[in-house]
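Notes follow once the structure below has been shown.
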Amino acid sequence: MAKKFGLSRGMADILGENYVDVAPETAQAEKTEIDVNLIDANPWQPRTEFEDDKLEELSASIKANGIIQPLVLRRNGERYQIIAGERRFRAAKKAGLTAVPAVIRELDDSKMLEVALIENIQRADLNPIEEAISYQRLIEECQVTQEEMANRVGKNRSTITNFLRLLKLPKEIQEGLRRREITMGHARALINIEDEATQIMLYQQTVEYGYSVRRVEELVREYNERGEDVQEEPAADAVNDENKKKSSLSNEYVALKNQLSEKLGAKVKFQRAESGKGKITIPFASDADLERIISVLDKL
80 MAKKFGLSRG MADILGENYV DVAPETAQAE KTEIDVNLID ANPWQPRTEF EDDKLEELSA
140 SIKANGIIQP LVLRRNGERY QIIAGERRFR AAKKAGLTAV PAVIRELDDS KMLEVALIEN
200 IQRADLNPIE EAISYQRLIE ECQVTQEEMA NRVGKNRSTI TNFLRLLKLP KEIQEGLRRR
260 EITMGHARAL INIEDEATQI MLYQQTVEYG YSVRRVEELV REYNERGEDV QEEPAADAVN
320 DENKKKSSLS NEYVALKNQL SEKLGAKVKF QRAESGKGKI TIPFASDADL ERIISVLDKL
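Going by this note's numbering, the sequence shown opens with residue 80, and the numbers climb by one from there.
Structure, rendered in structure tokens:
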């Protein structure tokens with residue numbers, strides 16, 4: 080029996096025991112050459128970013144050595160859709176190939192999605208958010224449990240859980256992860272703050288000042304330890320007066336509060352009693368953050 084190299088357990092479960100990662104000269108599955116003009120991208124491709132420099136490197140390798148690992152395709156009428164190997168396909172086109180080696184598999188839409196997600200998780204350099212979305216889609220669209228997913232992709236269940244938690248972060252921080260402005264370590268620290276405005280504030284500081292993961296963890300711990308110090312407190316005139324406690328800010332004050340929060344990059348808190356007395360609270364997460372806020376105030 081021909082030897083199979085680099086076989087992925089998750090992929091083998093779906094594609095069958097003859098699926099081969101590399102070394103096509105030893106493959107049992109039948110391969111064929113497919114015209115690149117007949118091949119379409121996978122509509123369920125979880126990878127949204129393909130780095131140009133890495134595609135160029137792969138393209139140069141293909142020019143020199145050809146495609147070592149065949150694409151996996153499925154028939155779609157008179158054309159074909161990519162199940163696995165979109166990076167190779169894009170690089171092959173850059174290299175000027177008119178046909179690529181491929182193995183044809185018959186999969187329904189559900190299995191094709193599952194293969195695309197697992198193949199990308201196992202082999203491609205996904206950014207953390209893309210990987211987290213892939214796990215979420217496997218759970219929601221393919222009905223795969225976290226335990227089953229851990230077995231298929233060869234990762235601990237706790238690792239998968241940590242990735243899924245990233246999707247609870249504000250969109251601004253998720254985009255920072257996509258752009259690799261911060262690492263997953265930074266993001267995991269920020270998750271431990273419940274207040275979204277404070278999360279965003281610390282994220283912005285991390286990018287601006289180049290905080291290490293350890294420094295962000297320290298700031299998060301300091302913030303959580305003194306969290307009650309920055310919570311809204313009843314104004315003096317509102318104490319012992321239930322009606323005054325329930326008084327709300329006018330639209331003008333709400334607008335001013337939101338404007339200050341945006342300018343200062345902090346969740347400004349307003350307190351106002353019916354008498355007109357009150358206070359403004361501006362939370363800060365560190366000495367550096369305080370200096371930043373003072374600098375902004377000086378310019379107002």
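Every residue, glycine too, gets a C-beta built ideally from N, C-alpha and C.
Checklist entry - Sorted by chain position, which residues of the same chain lie with C-beta nearer than 7 Å to TYR214's C-beta, five sequence neighbours on each side aside? => result MET228, ILE239, PHE242, LEU243
Item to check | 7 Å CB neighbourhood of THR285 in its chain, flanking five on each side removed | outcome: Within the same chain, and ignoring the five residues on either side of THR285 in sequence, the residues whose Cβ sits closer than 7 Å to its Cβ are ILE261, HIS265, VAL295.
Item to check | Cβ-based neighbour list, VAL115, same chain, cut-off 8 Å, excluding 5 preceding and 5 following | outcome: PHE168, ALA171, LYS172, LEU176, THR177, ALA178, VAL179
Next on the checklist: If contacts are defined as beta-carbon pairs under 8 Å, then LEU281 and ILE270 qualify, I think. What distance do you get, rounded to the angstrom?
Outcome noted: Not a contact, Cβ separation roughly 11 Å.
Checklist entry - By DSSP, does ALA163 sit in helix, in strand, or in coil? => result strand
Checklist entry - Is LYS358 helix, strand or coil by DSSP? => result DSSP places LYS358 in the strand class (E or B) of the three-state scheme.
Checklist entry - When you compare only the Cα positions, how much space is there between GLY357 and GLU130? => result 53 Å
Item to check | Per-residue burial, PRO313 [other beta carbons within 10 Å of its own, 16 or more giving buried] | outcome: Interpretation of PRO313 is limited by its pLDDT of 38, a score under 50 that renders its predicted location unreliable; no figure is taken from the coordinates.
Checklist entry - At which residue ranges does the segment 128-191 contain complete beta strand (DSSP E) runs of 3 or more residues, listed in the order of the chain? => result 150-155, 158-163, 178-183
Checklist entry - Tell me which same chain residues have a C-beta within less than 8 Å of the C-beta of GLU226, skipping the five on either side of it? => result ARG236
Next on the checklist: Taking the beta carbon of LEU196 as the centre, do at least 16 other beta carbons fall within 10 Å, making it buried, or is it exposed?
Outcome noted: buried
Checklist entry - Looking at the unbroken alpha helix (DSSP H) that takes in THR238, where does it start and where does it end? => result 236-244
Checklist entry - PRO122: buried (16+ other C-beta within 10 angstroms of its C-beta) or exposed? => result exposed
Next on the checklist: Please state the DSSP three-state secondary structure of ASP119.
Outcome noted: If DSSP states are grouped into helix, strand and coil, ASP119 belongs with the strands.
Item to check | Span of the beta strand (DSSP E) around GLU112 | outcome: 110-114
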